[in-house]
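In our numbering, the protein residues as written are 47 to 424. Even for Gly, the Cβ is constructed at its ideal location relative to N, Cα and C. Structure record follows, encoded as structure tokens.
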Amino acid sequence: LDMSILRRSCLFLRRVPMRTLTTALPTVDLRSDTVTKPSRDMLEYALTVDIGDDVYGEDPTVLELQEYMASICGKEAALYVPTGTMANLAAILAHCHGRASEIIVGQQSHICLWEGGNVSEIGSIFCRQVEEDPRNAQFDLQTVRDNTRKDIDDHWPDTKVLCLENTHNMLGGIALSPEYIKEIGTLCHEELDMAVHMDGARLMNALVSQNLDPASVLAAVDSVSICFSKALGAPLGSVLVGSAETVRLAKRARKRLGGGMRQSGIVAAMGLYAMKHNVQRLVDDHCRAQRLATELLRHGFRVMHDGKLDTNICYFHLPEDTSISVHEFCERLQRDYGIQIGGGYSSGGQLIRAVTHYHITDEDIDRAIEAMVHLSKC
């Protein structure tokens, strides 16, 4: 061994920036489970299906997906739409078919924070924001009563629907308790005379974490949106499930929102494949997210819910004694280590999020933990 060559190599390595050394490493993308790409098996399955014009109601694969989703959810009908945001909006427009309507939504909900204010802008529907309990994402029942108004006073809008989110993104991927869902459904239906809509973009994560079937959980709600393009791995698409009348009105809303698609069976097939092949494996995502949370907590990071996760979303703050900013932390994770995460969500821009999905391996979690712990000590 030529020691002079070895010494020159070592000197070279000291001068080379970390980003140069890590460019060959594959990116570990923990920003969201929306970054998933369809597997080869999913793509090949989509090439085998029959398609037609869905606006005419003639795409057999879309019809199969809708019938399957309605069946497993214990509802009368379903409607395939391009996005989860459209599914939520179409549902709310269906429930608030008349004028002077309002809905009750959580202050930290996706509908409230991340859907462009579309309920008010497009639907002319007032959003009554109610605080969720950060420990379990639940509304206080008396607070719901106090914020419900009916069409008996000239000054009031008519509260038509209460919106739940399951799992709850901003509160750390919480899976709503089935007992709570039943309780809030009973309150809305029997006492307050209003519908319950569930934003169930990640509902399958909740069901897997609780070992429950969809129909038993959804018996207490009137409509639910379910997304195929998050941890389930389809490239796009969501479904709205509910009564035949709710879906009829939502289909009219879908047309007004520009969501009528033609030969959409090609992508609907990927949603169908995802439901039949990618649900039970979500437990792997949950285990990896939990391991990340446990290790970050052990190294001084402040992890939401004391590091006890329900599903695949891990929110955390940097250790109190670190000197690195959130912006620099996220930037250097990507630049120097090939780790992508989301930073600056709330809490004064100090909250950081990591989300696991089927592209993330045990080795990726190891890389992420090592990199985050190292940077936190800078």
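Practice prompt. Just mark residue 426 as buried or exposed, buried being the case when its beta carbon has 16 or more other beta carbons within 10 Å.
Written response: This structure cannot settle anything about residue 426, because the visible part of the chain is limited to 47 through 424.
Worksheet item: How big is the Cα-Cα spacing for residue 92 and residue 105?
Response: 13 Å
Practice prompt. Check the C-beta distance from residue 31 over to residue 148 and give it rounded, since I have them as a contact under 8 Å.
Written response: Outside the shown range of the chain (47 to 424) lies residue 31, about which nothing can therefore be said.
Worksheet item: Nearest to residue 219 by CA position, among 183, 243, 316, 187, is which residue?
Response: 183
Practice prompt. Assess, as a yes-or-no matter, whether the stretch 248-256 is touched by the stretch 341-359 under the definition of 3 or more beta carbon pairs within less than 8 Å.
Written response: yes
Discussion item. Counting beta carbon pairs with one atom in the stretch 162-176 and one in the stretch 306-316, are three or more of them shorter than 8 Å?
Written reply: no
Item to complete: Look up residue 327 in the DSSP assignment and say whether it is helix, strand or coil.
Response: coil
Item to complete: Taking only the alpha-carbon atoms, compute the straight-line gap between residue 187 and residue 240 and give it to the nearest angstrom.
Response: 14 Å
Worksheet item: Helix or strand or just coil, what does DSSP make of residue 152?
Response: strand
Discussion item. Looking at residue 243: is its Cβ nearer than 8 Å to the Cβ of residue 137?
Written reply: yes
Worksheet item: When you compare each of 238, 111, 416 to residue 322 by their alpha carbons, which one comes out closest?
Response: 111
Discussion item. Suppose you measure from the CA of residue 234 to the CA of residue 350; what does that come to, to the nearest Å?
Written reply: 30 Å
Worksheet item: The alpha helix (DSSP H) spanning residue 232 covers which residue range?
Response: 224-232
Worksheet item: Distance, Cα to Cα, residue 325 vs residue 107?
Response: 19 Å
Discussion item. I'd like the list of long-range same chain contacts for residue 424, defined as Cβ closer than 6 Å, with 5 residues on each side in sequence excluded.
Written reply: 370
Worksheet item: Quick one: Cα of residue 365 to Cα of residue 346, how far?
Response: 5 Å
Worksheet item: If you count every other CB in all the chains shown that lies within 10 Å of the CB of residue 336, and 16 or more means buried, which is it?
Response: buried
Discussion item. Nearest by alpha-carbon distance to residue 427: which of 338, 262, 166 is it?
Written reply: Missing from the structure shown is residue 427; the chain here goes from 47 to 424 and no further.
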